[in-house]
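Position one of the sequence shown corresponds to residue 7 (this note's numbering), numbered consecutively onward. Report on the following structure.
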Amino acid sequence: MRKALFSAVLVLLATTVSAFHLKVQGVVTDHLTREPLEGVLVRIYKDGRKISAETTGPGGRYYAVLENHHEYVVRFSGNGLATKSFTVATQGLEWQGEDGQKTLTVEMTMVEQLTGVDLSVFDLPMGRARFEPATGLTTWDTEYDRSIRGQVEEAMGLWWRRMHETAALEQAVRRD
């Protein structure tokens, strides 16, 4: 009797706790203008295998619903643009019951590839998120963010310098 009562309580608890799933969405924008970019390729990799490849439409929007218990890479690329990505781990406890959905919104700003500027730092994920299915909470790895910040700032400093040089050169050509 005691064992049956304990089992019944566990079943009731399991059916009242929600298991959350994660929807990743956002807008892809141009770094200079902050305008949405249409036609950027957004690829989703689950546990190292490509599962989706879609382009952003008008408004630069993208979205994907991620399954629990996997490692994801969301990678953005386009003609003449530096490729960027972020990762999401959806590992953790999951209770059976009603399904809920949480949303993670990530704006990805894209920069133009410029001759003579090494943007290989963007081959690294620009952020690492962890989603906990049992609670629906998403956290970012701030230690990782700190570890790459200097490299990103250095690359963007070189990028801006090159942009100013190019603009000055174009202006000089127009005057002649």
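Glycine included, each C-beta is placed from N, C-alpha and C at the ideal position. Predicted model only: the values in this text are computed from it and were never measured.
Cα-Cα separation, residue i to residue j
{"i": "M116", "j": "K108", "result": "25 Å"}
{"i": "I57", "j": "V179", "result": "47 Å"}
{"i": "G122", "j": "D53", "result": "34 Å"}
{"i": "R49", "j": "F128", "result": "15 Å"}
{"i": "S91", "j": "L130", "result": "7 Å"}
{"i": "V135", "j": "H27", "result": "Correcting the residue identity first, residue 135 is Ala in this sequence and not Val. Approximately 14 Å between the Cα atoms of the pair."}
{"i": "T172", "j": "F137", "result": "42 Å"}
{"i": "E160", "j": "G142", "result": "35 Å"}
{"i": "H37", "j": "L125", "result": "14 Å"}
{"i": "T111", "j": "W165", "result": "26 Å"}
{"i": "A174", "j": "G66", "result": "30 Å"}
{"i": "F170", "j": "Q157", "result": "It should be noted that the sequence gives His, not Phe, for residue 170. Going from the Cα of H170 to the Cα of Q157 covers about 20 Å."}
{"i": "E44", "j": "Y51", "result": "21 Å"}
{"i": "I154", "j": "R181", "result": "41 Å"}
{"i": "D151", "j": "E77", "result": "18 Å"}
{"i": "L99", "j": "E149", "result": "24 Å"}
Cβ distance (whole Å) where residue i is taken to contact residue j below 8 Å
{"i": "L72", "j": "A59", "result": "Not really, about 15 Å apart at Cβ, beyond 8 Å."}
{"i": "A88", "j": "V30", "result": "At roughly 20 Å, the Cβ-Cβ gap does not stay under 8 Å, so A88 and V30 are not in contact."}
{"i": "T93", "j": "V79", "result": "5 Å"}
{"i": "G163", "j": "E113", "result": "21 Å between Cβ atoms; not a contact."}
Of the listed residues the options, nearest to residue i (C-alpha basis)
{"i": "E41", "options": "P64, Q31, I50", "result": "P64"}
{"i": "S83", "options": "W146, T35, E77", "result": "T35"}
{"i": "D147", "options": "Q157, R155, G133, E44", "result": "G133"}
{"i": "A95", "options": "I154, P139, A174", "result": "P139"}
Close beta carbons around residue i, own chain, < 7 Å, minus the five adjacent residues each side
{"i": "Q97", "result": "H75"}
{"i": "L11", "result": "Unreliable placement is indicated for L11, whose pLDDT of 44 sits below 50; the coordinate value is still reported in the next sentence. Result list for L11: empty, nothing under 7 Å."}
{"i": "R168", "result": "L120, G122, V123"}
Own chain, CB closer than 8 Å to residue i, minus 5 neighbours either side, in chain order
{"i": "G86", "result": "E118, Q119"}
Own chain, CB closer than 6 Å to residue i, minus 5 neighbours either side, in chain order
{"i": "R81", "result": "R49, S91"}
Any chain D beta carbon closer than 8 Å to residue i
{"i": "T35", "result": "Here there is only one protein chain, and chain D is not present."}
Within the region 26-68, note down every full beta strand (DSSP E) run reaching 3 residues or more, in order along the chain. Counting only runs that start and end inside the region 26-68, the beta strand (DSSP E) elements of at least 3 residues fall at 47-52, 55-61.
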